[in-house]
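To keep things clear, I will list the structure first and then write my remarks on it.
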Amino acid sequence: GKKEYEATNIPTRLTNTWNKNSDFSLFLTHRYNLGVYRDVAMGKDTLSEFVPVTSFIHTAKFEKARHSFLSNADPQDYYKETYIDLGSAMSNDSTSYSSLKNTFGIALLEGFNKYAKAGLTAFLSHKINRYELMSVDSGRRNNYTEQEFYAGGELAKRQGRLLRYNATGEIGVAGKAVGQFRLNGDIDLNFHLWRDTVTFP
5 GKKEYEATNI
15 PTRLTNTWNK
25 NSDFSLFLTH
35 RYNLGVYRDV
45 AMGKDTLSEF
55 VPVTSFIHTA
65 KFEKARHSFL
75 SNADPQDYYK
85 ETYIDLGSAM
95 SNDSTSYSSL
105 KNTFGIALLE
115 GFNKYAKAGL
125 TAFLSHKINR
135 YELMSVDSGR
145 RNNYTEQEFY
155 AGGELAKRQG
165 RLLRYNATGE
175 IGVAGKAVGQ
185 FRLNGDIDLN
195 FHLWRDTVTF
205 P
């Protein structure tokens, strides 16, 4: 006849076995603005307003991740190829990854005068990746480090009602990043049609 099981009682080949993923990230950004002061009339008074022209930008991003596989009761001969701890009935495998990326940029800001219709940014970035993998020697770990260097730029118009856009590109110039490139952008067009507003995101 047919057997019925509850979800928690379905027979499986592996028991006391699970995967675990842990992730951590930290992001920091700061900028220093250079600009000019201009007078703004407020009724009978005049106020001095700071208008940023150029920004120096630095961002840093740190990421760390770890994947673990733990089995407290491996079935006999379940794995066809076993190289570590041949007499053990327990698996405890793990891999980890960490990275640190620094980006330095200089930006000519949008709108500081009537001719600056869009902002222009140039940047350089460096990323270091570190991988830690298991080894056939259970007392050691295999460590690998990679370096990536990128150069890129951004053209963006974020002010105005009719048209706003953003285009960013970067290309790998050294290390493991050589030959890589990324391009992305978006455009937002808004205009009035009779009593409504038409939007093209």
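According to our numbering, the stretch in the sequence shown is residues 5 to 205, in order.
We treat Cβ as the ideally placed atom computed from N, Cα and C, and that holds for glycine.
Going by CA-CA distance only, name the one from the options that's closest to residue i.
{"i": "Leu-197", "options": "Ala-181, Asp-97, Gly-183 and Leu-166", "result": "Leu-166"}
{"i": "Ala-111", "options": "Asn-146, Thr-99 and Asn-37", "result": "Asn-37"}
{"i": "Tyr-41", "options": "Val-57, Thr-21 and Ser-29", "result": "Val-57"}
{"i": "Gln-80", "options": "Ala-45, Thr-19, Leu-193 and Lys-7", "result": "Thr-19"}
{"i": "Thr-21", "options": "Lys-6, Asn-96 and Thr-12", "result": "Asn-96"}
{"i": "Gly-156", "options": "Gly-109, Arg-144 and Phe-60", "result": "Gly-109"}
{"i": "Asn-23", "options": "Ser-98, Thr-12 and Ala-11", "result": "Ser-98"}
{"i": "Asp-190", "options": "Gly-176, Thr-172, Gln-184 and Gly-179", "result": "Thr-172"}
{"i": "Val-55", "options": "Val-44, Gly-39 and Asp-49", "result": "Gly-39"}
{"i": "Glu-174", "options": "Gly-164, Arg-162 and Glu-158", "result": "Glu-158"}
{"i": "Phe-195", "options": "Val-140, Ala-69 and Gly-164", "result": "Gly-164"}
{"i": "Asp-27", "options": "Ala-69, Glu-10 and Arg-162", "result": "Ala-69"}
{"i": "Ala-181", "options": "Arg-199, Ser-75, Asn-188 and Glu-150", "result": "Glu-150"}
{"i": "Leu-128", "options": "Asp-49, Gly-176 and Arg-144", "result": "Gly-176"}
{"i": "Leu-193", "options": "Phe-73, Arg-162 and Lys-118", "result": "Arg-162"}
Verify whether the separation of the beta carbon atoms of residue i and residue j is less than 8 Å.
{"i": "His-71", "j": "His-34", "result": "no"}
{"i": "Leu-32", "j": "Ala-77", "result": "no"}
{"i": "Ala-160", "j": "Tyr-154", "result": "no"}
{"i": "Asn-133", "j": "Ser-103", "result": "yes"}
{"i": "Glu-136", "j": "Gly-179", "result": "no"}
{"i": "Leu-30", "j": "Phe-66", "result": "yes"}
Would you kindly report the start and end of the unbroken beta strand (DSSP E) that includes residue i?
{"i": "Met-94", "result": "It is not in any beta strand (DSSP E) - Met-94 carries neither H nor E in the DSSP assignment."}
{"i": "Thr-149", "result": "145-161"}
{"i": "Tyr-36", "result": "19-46"}
{"i": "Gly-176", "result": "167-179"}
{"i": "Tyr-135", "result": "123-138"}
{"i": "Phe-73", "result": "49-77"}
{"i": "Leu-187", "result": "185-197"}
Please report the Cβ distance between residue i and residue j, rounded to the nearest whole angstrom; I am assuming they are in contact, meaning their Cβ atoms lie under 8 Å.
{"i": "His-130", "j": "Asn-106", "result": "5 Å"}
{"i": "Ser-59", "j": "Leu-113", "result": "6 Å"}
{"i": "Tyr-3", "j": "Arg-17", "result": "Residue 3 lies beyond the residue range present for the chain, which begins at 5 and ends at 205; the question has no answer from this structure."}
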